[in-house]
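Numbering (this note's numbering), first residue to last: 3 to 107.
Built from N, CA and C at the ideal position, the CB exists for glycine as well.
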Amino acid sequence: MTTDTLLPVFSALADETRWSILQALGEADASASALAGRVPVSRQAIAKHLSVLQEVGLVEPIRVGREVRFRVIGAELSATAARLDAIGREWDRRLAAIKGIAEGL
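This is the structure:
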């Protein structure tokens with residue numbers, strides 16, 4: 003996962019409503035109508051937020067009979083978490099190097 007793919011994901015996750023939707027979908031797959039009952043925005047707003055989450059690869063629609071439900075794509079979230087972990091490890095390495103230099107002075 004590159005910075006080019008991380009930025010849209012972070013942008014999508016930065017919105018409080020999209021974060022709430024993602025958390026709700028983490029508990030169970032749900033339709034836009036069902037999510038509108040759990041998140042305090044209109045069904046139309048939910049649909050727009052789901053579209054953003056789908057565009058960045060965090061959720062996918064699944065057809066269940068006549069209903070379209072959405073589910074979280076765990077692999078994408080895991081890849082994002084792994085990239086953040088790698089960034090954290092790199093910062094830890096750099097800070098340890100700076101500490102070593104400072105202690106050597």
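Applying the criterion that 16 or more other CB atoms from any shown protein chain within 10 Å of the CB defines a buried residue, is residue i buried or exposed?
{"i": "isoleucine 64", "result": "exposed"}
{"i": "arginine 68", "result": "exposed"}
{"i": "leucine 86", "result": "exposed"}
{"i": "leucine 55", "result": "buried"}
{"i": "leucine 37", "result": "buried"}
Assuming residue i contacts residue j (C-beta within less than 8 Å), just tell me the rounded distance between them.
{"i": "leucine 52", "j": "isoleucine 23", "result": "7 Å"}
{"i": "serine 33", "j": "valine 70", "result": "6 Å"}
{"i": "glutamate 62", "j": "arginine 45", "result": "About 19 Å; that fails the 8 Å criterion."}
Using only the alpha-carbon positions, how far apart do residue i and residue j sit?
{"i": "isoleucine 75", "j": "arginine 95", "result": "31 Å"}
{"i": "valine 108", "j": "glutamate 92", "result": "Because the chain is modelled from 3 through 107, residue 108 falls outside the range shown and cannot be assessed."}
{"i": "alanine 104", "j": "glycine 39", "result": "55 Å"}
{"i": "isoleucine 48", "j": "isoleucine 100", "result": "46 Å"}
{"i": "valine 11", "j": "leucine 107", "result": "42 Å"}
{"i": "serine 80", "j": "leucine 27", "result": "15 Å"}
{"i": "serine 35", "j": "arginine 20", "result": "15 Å"}
{"i": "isoleucine 43", "j": "alanine 77", "result": "For the record, residue 43 in the displayed sequence is valine; it is not isoleucine. Taking the straight line joining both Cα atoms gives about 28 Å."}
Sort out for me which residues DSSP pairs residue i with in a bridge.
{"i": "isoleucine 64", "result": "Arg71"}
{"i": "alanine 32", "result": "Phe72"}
Does the beta-carbon distance from residue i to residue j come in below 8 Å?
{"i": "leucine 60", "j": "alanine 14", "result": "yes"}
{"i": "threonine 82", "j": "leucine 9", "result": "no"}
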